[in-house]
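Novice: For reference, each letter of the sequence shown is one residue, going 1 to 357 in the UniProt record's numbering.
Where a beta carbon is used, it is the ideal one built from N, C-alpha and C, also for glycine.
Handing you a structure now.
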Amino acid sequence: MAQTPLSMEPTGWYQVAWSHELAVGDVRTMKYFSRDMVAWRSASGKVSVFDAYCEHLGAHLGYGGHVEGENLVCPFHGWEWNDKGRNVCIPYEKRPNKGRRIRSYPVVEHNHAVWIWFDTASRPPYFEVPDMFTAFGDDPADAENYYAPIPGGTLFHEQLELHPQYVMENGVDFAHFKFVHQTPFMPEFTRHDFAGPVSYVDFTIAFEEGATLETAASGVYSVNAGLGCSITKSWGMVENRTMPAVTPVDDRTCDVRFTVWIGKKPGEESTTELTKYGKTMTDLVIEQFDNDVEIWSHQRYSDPPALSQREFKGFTALRNWAVQFYPGGDSAYGRDPAHPESGAIVPLHPSATAASA
Ligand code: FES
Ligand SMILES: [Fe+2]
Numbered sequence: 001m002a003q004t005p006l007s008m009e010p011t012g013w014y015q016v017a018w019s020h021e022l023a024v025g026d027v028r029t030m031k032y033f034s035r036d037m038v039a040w041r042s043a044s045g046k047v048s049v050f051d052a053y054c055e056h057l058g059a060h061l062g063y064g065g066h067v068e069g070e071n072l073v074c075p076f077h078g079w080e081w082n083d084k085g086r087n088v089c090i091p092y093e094k095r096p097n098k099g100r101r102i103r104s105y106p107v108v109e110h111n112h113a114v115w116i117w118f119d120t121a122s123r124p125p126y127f128e129v130p131d132m133f134t135a136f137g138d139d140p141a142d143a144e145n146y147y148a149p150i151p152g153g154t155l156f157h158e159q160l161e162l163h164p165q166y167v168m169e170n171g172v173d174f175a176h177f178k179f180v181h182q183t184p185f186m187p188e189f190t191r192h193d194f195a196g197p198v199s200y201v202d203f204t205i206a207f208e209e210g211a212t213l214e215t216a217a218s219g220v221y222s223v224n225a226g227l228g229c230s231i232t233k234s235w236g237m238v239e240n241r242t243m244p245a246v247t248p249v250d251d252r253t254c255d256v257r258f259t260v261w262i263g264k265k266p267g268e269e270s271t272t273e274l275t276k277y278g279k280t281m282t283d284l285v286i287e288q289f290d291n292d293v294e295i296w297s298h299q300r301y302s303d304p305p306a307l308s309q310r311e312f313k314g315f316t317a318l319r320n321w322a323v324q325f326y327p328g329g330d331s332a333y334g335r336d337p338a339h340p341e342s343g344a345i346v347p348l349h350p351s352a353t354a355a356s357a
């Protein structure tokens, strides 16, 4: 295990909970990006995520704070804060403190999950969390053809020593499929589109014994929105859709969440709950993902990596794409000036730089 040299503050959308974990009126403490935060759901159902400390005298809103209507009420002196983190009521004064605001993060709920937008420069979101049932060009009604992923279709690992970029690199890493996922052949990429902050990677893959690249009639599509959020859809095999989400907790660790949708078996169309068949398939998909997690959570980021000839193009494209999400990043920022063509990224993490100096 090794501390990643990559910044743990890349810009993007990050899953901080599943929607069902936050009922109306709930106030939940959490820690992401080395900050104490609270997430709460208002009476009308809107989720907000704030830095945890009240702007009045600094009480932690997660310890005794409560929801009243559309506001979060501090346990210490009863000041009320709206969904934007604005003070809207001081119970013992005529007027609120209009100038004071608790840092709040843009929130969306999508694909059964709660996502926050994190950006060190506080820019508004400039891309979206892709929708599981429209991002692949499907009819949204296709959701009916899948068992509900909640509960039973999720995996949660807390504070693993890995980085969101490792998980994204998995998508261009054709060689690992044979060794980590026991595929009979190495997948071939049919699409690598890294033109924008949302990238698209598609490949041909099969799991059954004896399949070859020539005979395989199955594959995976993936949509990657920044480094923290991706969704995949399989075709030609057991219908499944997955959503890996990796969220930095502090300088060393990330929470990993994984959600799995399995296509319903004929005869089970009217069920929404996960059946025995659905659970078996879910567990198989989760097992494959966990095989990756075992590698990622112990790996040391290799930079520049010793890439084989065939690996060079995909990894270089992925790493160059990733640079844009790092603080201060643009298409050139962070590139090793001695080898700009390599796509290798100069360590951006100050303590890692110091440690390796
Ligand atoms: S510290 Fe929150 S109201 Fe005083
Ligand atoms: Fe993998």
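Which one or two residues does DSSP pair with I231 in a beta bridge?
Specialist: Beta-bridge pairing links I231 to V223.
Novice: Run the Cβ filter for me: residues under 5 Å from any heavy atom of ligand 1, listed in the order they occur in the chain.
Specialist: The answer, residue by residue, is C54, H56, L57, A59, C74, F76, H77 and W79.
Novice: I'd like the list of long-range same chain contacts for T282, defined as Cβ closer than 7 Å, with 5 residues on each side in sequence excluded.
Specialist: The answer, listed in chain order, is G152, G153, V260, I262 and L274.
Novice: Among Y221, I116, N224 and H181, which residue has its Cα nearest to the Cα of E208?
Specialist: The shortest Cα separation from E208 among Y221, I116, N224 and H181 belongs to H181.
Novice: Among C74, N111 and R101, which residue has its Cα nearest to the Cα of V16?
Specialist: Of the candidates C74, N111 and R101, the one whose C-alpha sits nearest the C-alpha of V16 is N111.
Novice: What is the residue span of the beta strand (DSSP E) that W117 lies within?
Specialist: W117 -> beta strand (DSSP E) spans A113 to F118.
Novice: Are the beta-carbon atoms belonging to V67 and F50 less than 8 Å from one another?
Specialist: Not in contact: V67 and F50 (Cβ atoms no closer than 8 Å).
Novice: Distance check for C54 and F76, CA to CA, integer angstroms please.
Specialist: The alpha-carbon atoms of F76 and C54 are separated by roughly 9 Å.
Novice: Please return the same chain residues whose Cβ sits closer than 7 Å to the Cβ of Q288, not counting the five positions on each side in sequence.
Specialist: Closer than 7 Å at the Cβ level, and outside the excluded window around Q288, lie H181.
Novice: Cutting at 6 Å between CB atoms, please list the residues of its own chain near N240, excluding the five before and the five after it.
Specialist: S234, I262 and V285.
Novice: Which word fits Y221, buried or exposed, when buried means at least 16 other C-beta atoms lie within 10 angstroms of its C-beta?
Specialist: Per the 10 Å Cβ criterion, buried.
Novice: Rank L213, G64, D131 and Q299 by C-alpha distance to the C-alpha of P184 and give the top, closest one.
Specialist: The shortest C-alpha separation from P184 is found at L213.
Novice: Return yes when at least one heavy atom of ligand 2 lies under 7 Å from the C-beta of N240, else no.
Specialist: No, Cβ of N240 sits at least 7 Å from all heavy atoms of ligand 2.
Novice: Is it the case that the CB of V180 approaches a heavy atom of ligand 2 more closely than 7 Å?
Specialist: The answer is yes for V180.
Novice: Taking only the alpha-carbon atoms, compute the straight-line gap between H60 and M8 and give it to the nearest angstrom.
Specialist: Taking the straight line from one Cα to the other gives about 24 Å.
Novice: Would you decide whether F312 is buried or exposed? Buried here means 16 or more other CB atoms lie within 10 Å of its CB.
Specialist: Answer is exposed; the Cβ neighbour count stays below 16.
Novice: Report the rounded CA-to-CA distance for G12 versus G171, giving the unit in angstroms.
Specialist: The alpha-carbon atoms of G12 and G171 are separated by roughly 18 Å.
Novice: Consult DSSP for T259 and reduce its assignment to one of helix, strand or coil.
Specialist: Looking at T259 - three-state DSSP - the assignment turns out to be strand.
Novice: From Y105 to F118, what does the alpha carbon distance come to, in whole angstroms?
Specialist: Looking at the two C-alpha atoms, the distance is approximately 7 Å.
Novice: In angstroms with no decimal places, state the Cα-to-Cα distance between K279 and R95.
Specialist: Their Cα atoms are separated by approximately 55 Å.
Novice: Given P305, which residues of its chain have a CB within under 6 Å of its CB, disregarding the five upstream and five downstream residues?
Specialist: Taken in chain order, the list of residues that qualify is empty.
Novice: Helix, strand or coil for M8? Go by DSSP, reduced to three states.
Specialist: Three-state result, M8: coil.
Novice: Would a C-beta distance cut-off of 8 Å place V167 and W296 closer than the cut-off?
Specialist: Contact: yes.
Novice: Just the Cα atoms here: how many angstroms apart are Y146 and S218?
Specialist: Rounded to whole angstroms, Y146 to S218 spans 18 Å at the Cα level.
Novice: Which residue's Cα is closest to the Cα of G78: C89, S34 and Y126?
Specialist: Nearest of C89, S34 and Y126 to G78, Cα basis: C89.
Novice: If you draw a straight line from the C-alpha of D336 to the C-alpha of E169, how long is it?
Specialist: Confidence at D336 is low in this model, with a pLDDT of 48, below 50, so its placement is unreliable and the value that follows should be read with caution. Rounded to the nearest angstrom, the two C-alpha atoms are 19 Å apart.
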